[in-house]
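There are 2 protein chains.
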Amino acid sequence: MKLAALKTGTPDGVLHVVSRDLSRSVAATGIAETLQAAIEQWDQVAPALERLYDSLNAGTAPDAADLVMTDVAAPLPRAWQWLDASAFHSHGDLLEKVFGLEPPPEKKTVPLMYQGAGDELLGATDDVPLPSEADGMDFEAELAVILDRVPMGTTAAQGERHIRLLTLVNDTSLRALAAKDLKTGFGFLQSKGATTFGPVAVTPDELGAAWRDGRVDLPMHIHWNGKEFGHPHCGAMGFSFGELVAHAARTRNLCAGTIIGTGTISNDTFREVGSACIAERRAIELTDEGQPRTPYLKFGDRVRIEMLDANGASIFGAIDQRYVQASPAPQ
Amino acid sequence: MKLAALKTGTPDGVLHVVSRDLSRSVAATGIAETLQAAIEQWDQVAPALERLYDSLNAGTAPDAADLVMTDVAAPLPRAWQWLDASAFHSHGDLLEKVFGLEPPPEKKTVPLMYQGAGDELLGATDDVPLPSEADGMDFEAELAVILDRVPMGTTAAQGERHIRLLTLVNDTSLRALAAKDLKTGFGFLQSKGATTFGPVAVTPDELGAAWRDGRVDLPMHIHWNGKEFGHPHCGAMGFSFGELVAHAARTRNLCAGTIIGTGTISNDTFREVGSACIAERRAIELTDEGQPRTPYLKFGDRVRIEMLDANGASIFGAIDQRYVQASPAPQ
């Protein structure tokens, strides 16, 4: 099934079930008010949500309405936990090159993962407000999973069973600040803006045969100002989602509603399939031409991220948003 | 005033006002159900909470009851954001030594800060469950502030005005995993267990003259298995809380309920005042004796963290908790 949080002035949105073709939606009234509430009692509420989804797809759900994508918030407009990995090895290789970083010693055997800020997550069509173009604004197209509660010490095989939903991510990054954050060892802090999710979160069964080995075996389509920028394949993850869950739960429980991202989608065949962030293209230019040529984002630029099924239908809807100058803080 | 969340089986506890002497409490019924709800509408609810506090201290609050510290959860049992700094320079100096780390180039002028996991925060008397003594279990005594909403670009002077509450922290760390996490550049992930807060959160006015220059000018008292381990002074922060807020809000908004910690409290006079974590003592032993001598925590060990006012009265109550072996994850 497909779920979304609709904007209603409340901080966590209102949970809606969305039709498979993304055209219609209906509030999950009486089942769960928010996605966080649903994920905390998933086994109890999922059957009722599935029944509502079936009636919505059949055109028999009362109170259904057309889905307006600009009304959609992030599936979890605030998340108690947002963790992001770097699960595509070619992305790590390229970014080490462009930023002159030392490769982490166990990078092919132990997932890289950082604790992200989950307190303010943007909806798929929301503007991304940032303070300055000089910070090197970049997008990062990713997939993410949303988990129910994961106990400390969960294995990769068990971890995969905690995956309840998948969604799209644009992990906005500020490249002029990233190397500095990395060099402290303390992780990304100023070098990440608010992250974007959605528009829709789907259960793994919606992916059919493309959901295999704890990975999604489909390309991601990235456009920058209307022009294709890349369509790297998500099946190339160097670690499965189950392995990412186990890595995160090594020394602590993960609360229900934890989100884990793949990191920037990237393929070894980057020269053919393109990239899912500008920094990676700059690394390729540095390799091929001796210097990076593609500039980072300007205010007003638009980024689109979408995944299509084997029939060309949009699975999650599209992240399609503009980068804008943030208003100054009140004095 | 003093506030606490009492355990009631709900994930966020129930907000209580606590008497100045920490002996009695009363639910904030009809004002705000949880501390998160209160902090989201602080200006609206603070006057009513203050009136309840006054009547509780005067012994005239109906429905007041004796406060049992084991009933107290973390002030925010889940936080939308938990950020932790390393604001005491002598702590950074010593830990670089013991872990053989490169000093960050701007360490005296730009705060070090990491994004912590806020999804499961422990109460002050809760056991700390961890998987293995071999991970090098350590405590870190800290102070933290709880903020209302902070807009992106807030300055240090403005930042201080967003501080609504202060509380104690035990930032449990796993030293055998820390250097590895730091070397990835991605920050602490497996090397931090669940963090402990509380028991009580207090408004800055409760600190009287000890609240100055955006710092708390009092020592923190740390005991390990009943023996004094250190009493470093919190006034020695290399950055003020206002500066930490501004650093965190450089490229994004901080939601109401964001917690920012000082990092391990530490003084240049560590040989006289002792330390607030074991790693630091090991660094001193390495310097003075050529090798670290003090082992990390064993299961069953107890840690106590408390701050006293000028008259010797406990301000926040005490973090007083045991480290225990976590139950294995269900198969």
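In the order they appear, the protein sequences are chains A and P.
Numbering-wise, full-length UniProt numbering puts 134 at position 134 of the first sequence, and it's gapless, one number per residue.
Numbering-wise, full-length UniProt numbering puts 229 at position 229 of the second sequence, and it's gapless, one number per residue.
Heads up, the beta-carbon is just placed ideally off N, CA and C, and yes, glycines get one too.
Next on the checklist: On the DSSP bridge list, what partners appear for Q325 (chain P)?
Outcome noted: Answer is P:L130, bridged to Q325 (chain P).
Next on the checklist: Please tell me whether D126 (chain A) has its Cβ less than 7 Å away from any Cβ of chain P.
Outcome noted: Output row for D126 (chain A): interface = no.
Checklist entry - Using Cβ-Cβ distances below 7 Å, what residues of the region 160-186 of chain A are close to chain P? => result Those residues of the region 160-186 of chain A placed with their C-beta closer than 7 Å to a C-beta in chain P are L174, L182, K183, T184, G185, F186, ordered along the chain.
Item to check | Closer than 9 Å at the beta carbon, the chain A residues around Q41 (chain P) | outcome: The contacting residues do not exist; Q41 (chain P) stays about 12 Å from chain A at best.
Checklist entry - If L35 (chain P) sits next to L3 (chain P), beta carbons under 8 Å apart, how far is it from one beta carbon to the other, in whole angstroms? => result Yes, L35 (chain P) and L3 (chain P) are in contact; Cβ-Cβ is about 6 Å, under 8 Å.
Next on the checklist: Tell me the rounded alpha-carbon separation between R164 (chain A) and A38 (chain A).
Outcome noted: It is roughly 10 Å from the alpha-carbon of R164 (chain A) to the alpha-carbon of A38 (chain A).
Checklist entry - By how many angstroms is the C-alpha of G100 (chain P) removed from the C-alpha of A79 (chain P)? => result Those two C-alpha atoms are separated by around 33 Å.
Item to check | Whole-number beta carbon distance between V128 (chain A) and residue 361 (chain A), since they are thought to touch under 8 Å | outcome: Only positions 1 to 331 of chain A appear in the structure, and residue 361 (chain A) is not among them; the question remains open.
Checklist entry - Hey, quick one: how far does the beta strand (DSSP E) through R24 (chain A) stretch, first residue to last? => result Where R24 (chain A) is concerned, the enclosing beta strand (DSSP E) stretches over 24-27.
Item to check | Closest by C-alpha distance to M237 (chain P), when choosing among P:W82, P:A310, P:T262, P:G257 | outcome: The residue with the shortest Cα to Cα distance from M237 (chain P) is P:T262.
Checklist entry - Hey, does T251 (chain A) have any beta-carbon neighbour from chain P nearer than 7 Å? => result Yes, because at least one Cβ of chain P sits closer than 7 Å to the Cβ of T251 (chain A).
Item to check | Candidates A:I265, A:L308, A:E272, A:Q325, of which the one nearest L95 (chain A) by Cα | outcome: That would be A:I265, whose Cα lies nearest to the Cα of L95 (chain A).
Item to check | Cβ distance (whole Å) where A124 (chain P) is taken to contact G198 (chain P) below 8 Å | outcome: Yes, A124 (chain P) and G198 (chain P) are in contact; Cβ-Cβ is about 4 Å, under 8 Å.
Checklist entry - For M1 (chain P) versus E40 (chain P), is the C-beta spacing smaller than 7 Å? => result Taking 7 Å as the Cβ cut-off, M1 (chain P) and E40 (chain P) do not qualify as a contacting pair.
Checklist entry - Applying a beta-carbon distance threshold of less than 9 Å, which residues of chain P neighbour L254 (chain A)? => result The CB of L254 (chain A) comes closer than 9 Å to the CB of A117, D119, E120 in chain P, given here in chain order.
Next on the checklist: Less than 7 Å between the C-beta atoms of L174 (chain A) and G136 (chain A), yes or no?
Outcome noted: In this structure, G136 (chain A) lies closer than 7 Å to L174 (chain A) by Cβ.
Item to check | Neighbour flag for P104 (chain P) against chain A, beta carbons, 7 Å | outcome: Yes, its Cβ sits closer than 7 Å to a Cβ of chain A.
Next on the checklist: On the criterion of 16 or more Cβ atoms from any shown chain inside 10 Å, does D205 (chain A) qualify as buried, or is it exposed?
Outcome noted: So D205 (chain A) ends up on the exposed side.
Checklist entry - Should E272 (chain A) go down as buried or exposed, given a rule of 16 or more other Cβ atoms within 10 Å for buried? => result The C-beta of E272 (chain A) has fewer than 16 other C-beta atoms within 10 Å across all chains shown, which makes the residue exposed.
Checklist entry - Contact check, I315 (chain A) vs R304 (chain A) under 8 Å by CB: the rounded distance? => result Actually they do not touch by this definition, with Cβ atoms about 14 Å apart.
Next on the checklist: Counting only C-beta atoms, is Q36 (chain P) closer than 7 Å to chain A at any point?
Outcome noted: By this cut-off, Q36 (chain P) is not an interface position.
Checklist entry - Just checking my contact of L147 (chain P) with V169 (chain P) at CB under 8 Å: how many whole Å lie between their CB atoms? => result Actually they do not touch by this definition, with Cβ atoms about 15 Å apart.
Next on the checklist: Given this structure, state the Cα-to-Cα distance separating R302 (chain P) from C234 (chain A), to the nearest angstrom.
Outcome noted: R302 (chain P) and C234 (chain A): Cα-Cα distance of roughly 47 Å.
Next on the checklist: Pull the bridge partners of M1 (chain P) from the DSSP assignment, please.
Outcome noted: Per DSSP, none; premise fails for M1 (chain P).
Checklist entry - Is the shortest distance between the beta-carbon of residue 382 (chain P) and the beta-carbons of chain A less than 7 Å? => result Given that chain P is displayed from residue 1 to residue 331, the structure contains no residue 382 (chain P) and the question cannot be resolved.
Next on the checklist: So, for A276 (chain A): in the same chain, excluding its five sequence neighbours on each side, which residues have a beta-carbon less than 7 Å away from its beta-carbon?
Outcome noted: These residues qualify, in order along the chain: E140, A141, M220, I222, G230, P232, T264, I265, S266.
Checklist entry - Which class does W80 (chain A) belong to by DSSP, given the choice of helix, strand or coil? => result Three-state DSSP puts W80 (chain A) in coil, outside helix and strand.
Item to check | Proximity below 7 Å, CB of Q44 (chain P) to CB of T258 (chain P) | outcome: Here Q44 (chain P) is not near T258 (chain P), since their CB atoms are 7 Å or more apart.
Checklist entry - Counting Cβ pairs, one atom from each stretch, are 3 or more of them under 8 Å apart for the region 236-254 of chain A and the region 46-63 of chain A? => result Three or more Cβ pairs closer than 8 Å define a contact, and the region 236-254 of chain A falls short of that threshold against the region 46-63 of chain A.
Checklist entry - Using a C-beta to C-beta distance shorter than 9 Å, which residues of chain P count as neighbours of D301 (chain A)? => result Correct list: empty, because the minimum Cβ distance to chain P is about 17 Å.
Checklist entry - Do you know offhand how far A209 (chain P)'s Cα is from N311 (chain P)'s? => result Cα to Cα, A209 (chain P) sits roughly 13 Å from N311 (chain P).
Next on the checklist: Counting only Cβ-Cβ distances shorter than 9 Å, please list the residues of the region 130-157 of chain A near chain P, keeping chain order.
Outcome noted: The region 130-157 of chain A vs chain P, Cβ under 9 Å: L130, P131, S132, D135, V150, P151, M152, G153, T154, T155.
Checklist entry - In chain order, what residues of the same chain have a beta carbon less than 8 Å from the beta carbon of R252 (chain P), not counting five sequence neighbours either side? => result Beyond the five residues adjoining it in sequence on each side, R252 (chain P) comes within less than 8 Å, by CB distance, of M152 in the same chain, given in chain order.
Checklist entry - Comparing alpha-carbon positions, which option in A:G9, A:R281, A:T70, A:G30 lies nearest S23 (chain A)? => result The residue with the shortest Cα to Cα distance from S23 (chain A) is A:T70.
Item to check | Residue of P:A156, P:S55, P:A201, P:E33 minimising C-alpha distance to A246 (chain P) | outcome: For A246 (chain P), the nearest C-alpha among the options comes from P:A156.
Item to check | Contact under 7 Å by Cβ, D138 (chain P) with Y296 (chain P) | outcome: A contact, by the Cβ cut-off of 7 Å.
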